[in-house]
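Peer 1:
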Ligand code: SAH
Ligand code: SF4
């Protein structure tokens, strides 16, 4: 019989699993606490479970996190872990320490199918979706590695699903993993401390709003369809008018909520005064904040980072119009852990990279 990997199960699924072995629902909550709050990897540790159950569990279940590969620490305290997800594929998880909070940046897919023009992950193509255990396993490992501060609080206070992949194209696994992040018996993070970043998969944004309205970041990067079609090709399927309507729906029921628009500044491409003006018009009716991201280069990217002065001018124009616009500091540069540089190792089923090189030859 195949053993169930308990890290793949959210709370309702853990309750079902317990029922299947004749155990009451409160056992599911005990298991969740051992697995996720204490990071247990051995049933023998679970001292408040009946001895008979502790003996039975290894026959029917296992605790199998993704295998941890190399770990790197940057001079600025940023850490990166490579996870080996089989078949020669690797994904990356990044921890970013800041004053007052610690953020873990989690991957949801091996590669990404969406081919945004400025993104190293998109360049690699898509291999497969990560499982719940592989998504939540990134937080499981990072918590084990980082532990708690002297007050007993977790070092990781926030999670952003902004690593490799498009979370809303791995909807079911992402939502189950996020439900564990939010569940008080597991990681107990508040819904405002978990952010899903999407390139704008409109129908999935609506489903997310109904299922689990966590904080939402939308990767905008261009203020008009012509430019966005080029930079973020999924725009051809879900153009800006539809995307803005979905953003308005997402925050409509919660007056304190807002969308975070991410906007990478690319030298001479989308960083001119007219782009800032068009952006203000586009987002006029959406409660939002802006996160401006200096482009992080990678080999053969074909774009340059906007000069600092132009980034400042862009941010100032948005601020003058009354918007909150923060500029993301580049972290973990020395270990290639900055946004968009996460490349891991992806065996692209479509052999996209090779095909492109052949075309270029
Ligand atoms: N697929 C999702 C989440 C992963 S990408 C999305 O697109 O939102 C996470 C963020 O990294 C996005 O805002 C993306 O635009 C940004 N990013 C991608 N490549 C980048 C690069 N080269 N430099 C800076 N940010 C980049
Ligand atoms: Fe995929 Fe996001 Fe990269 Fe676009 S920016 S290719 S959606 S990971």
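Residue numbers (the numbering used here): 3 to 363.
Glycine is no exception: its CB is placed at the ideal position from the N, C-alpha and C atoms.
1. Is it buried or exposed for residue 302, if we count other Cβ within 10 angstroms and need 16 for buried?
2. Per DSSP, what kind of secondary structure is residue 358 in: helix, strand or coil?
3. The ligand SF4 and residue 113: does the residue's C-beta get closer than 6 Å to at least one heavy atom of that ligand?
4. Between the alpha carbons of residue 129 and residue 217, how many angstroms are there, rounded?
5. Please indicate yes or no: does the CB of residue 131 lie closer than 6 Å to some heavy atom of the ligand SAH?
6. Could you say which of 253, 187, 265 lies nearest to residue 292 if we only look at CA atoms?
7. Helix, strand or coil for residue 240, going by three-state DSSP, please let me know.
8. Cα-Cα, which of 39, 35, 57 is closest to residue 45?
9. In angstroms with no decimal places, state the Cα-to-Cα distance between residue 39 and residue 65.
10. Does the distance from the C-beta atom of residue 68 to that of residue 87 stay below 7 Å?
11. Starting from residue 145, follow the alpha helix (DSSP H) in both directions and report where the run begins and ends.
12. Suppose the cutoff is 6 Å on Cβ atoms and the five residues either side in sequence are ignored; what does the same chain contact list for residue 308 look like?
13. Could you please give me the residues that DSSP links to residue 69 through a beta bridge?
14. Taking just the CA atoms, how far does residue 300 sit from residue 360?
15. Does any C-beta atom of chain B lie closer than 7 Å to the C-beta of residue 98?
16. Nearest to residue 62 by CA position, among 23, 140, 147, is which residue?
17. Assuming residue 200 contacts residue 220 under a Cβ cut-off of 8 Å, what Cβ separation, rounded to an integer in Å, is found between them?
18. List the DSSP bridge partners of residue 199.
19. Using the DSSP secondary-structure output, state which residues sit across from residue 39 in a beta bridge.
20. Pick helix, strand or coil for residue 14, following the three-state DSSP scheme.
21. Does the region 200-212 touch the region 234-250, meaning 3 or more C-beta pairs lie closer than 8 Å?
22. Let me know if residue 10 comes out buried or exposed under the rule of 16 or more other beta-carbons within 10 Å of its beta-carbon.
23. Which residues in the same chain have their Cβ closer than 8 Å to the Cβ of residue 331, if we skip the five residues on either side of it in sequence?
24. For residue 316, which residues does DSSP report across the bridge?
25. Quick one: what does DSSP say residue 74 is sitting in, helix, strand or coil?
26. Go through the residues and name those whose CB comes closer than 6 Å to any heavy atom of the ligand SF4, in chain order.
Peer 2: Here's the rundown:
1. Residue 302 should be labelled exposed.
2. In this prediction, residue 358 scores a pLDDT of 48, lower than 50, which makes its location untrustworthy; no coordinate-derived value is stated.
3. No - the ligand SF4 has no heavy atom lying nearer than 6 Å to the Cβ of residue 113.
4. So the two alpha carbons sit approximately 27 Å from each other.
5. For residue 131, the CB stays at least 6 Å from every heavy atom of the ligand SAH.
6. Of 253, 187, 265, the residue nearest in Cα terms is 265.
7. In the structure shown, residue 240 sits in coil (DSSP, three-state: anything other than H, G, I, E or B).
8. The residue with the shortest Cα to Cα distance from residue 45 is 57.
9. Between residue 39 and residue 65, the C-alpha separation is close to 14 Å.
10. Between residue 68 and residue 87, the CB-CB gap stays under 7 Å.
11. Segment 134-148, the alpha helix (DSSP H) holding residue 145.
12. For residue 308, where only same-chain residues beyond five positions count, the Cβ hits under 6 Å are 267, 269, 273.
13. As DSSP reads the structure, residue 69 sits in a beta bridge with 86.
14. Summary for residue 360: the model assigns pLDDT 45, below 50, so the residue's position carries little reliability; its value from the coordinates is reported in the next sentence. Per the coordinates, the alpha-carbon of residue 360 lies some 20 Å from the alpha-carbon of residue 300.
15. In the displayed structure, chain B is absent; only one protein chain is listed.
16. Closest option to residue 62, Cα to Cα, is 23.
17. Right, the Cβ-Cβ distance comes to about 6 Å (below 8 Å), so this counts as a contact.
18. In the DSSP output, where bridge partners are listed per residue, residue 199 has 219.
19. Note: residue 39 sits in no beta bridge, so no partner.
20. Here residue 14 sits in helix by DSSP.
21. Contact holds: three or more Cβ-Cβ distances are below 8 Å.
22. A residue is called buried once 16 or more other Cβ atoms fall within 10 Å of its Cβ, and residue 10 is buried on that count.
23. In the same chain as residue 331, and ignoring 5 residues on each side of it, no C-beta atom comes closer than 8 Å to its own.
24. None, per the DSSP bridge assignment.
25. In the three-state DSSP reduction, residue 74 falls in the strand class (E or B).
26. Result: 114, 116, 117, 118, 121, 123, 124, 167, 168, 201, 221.
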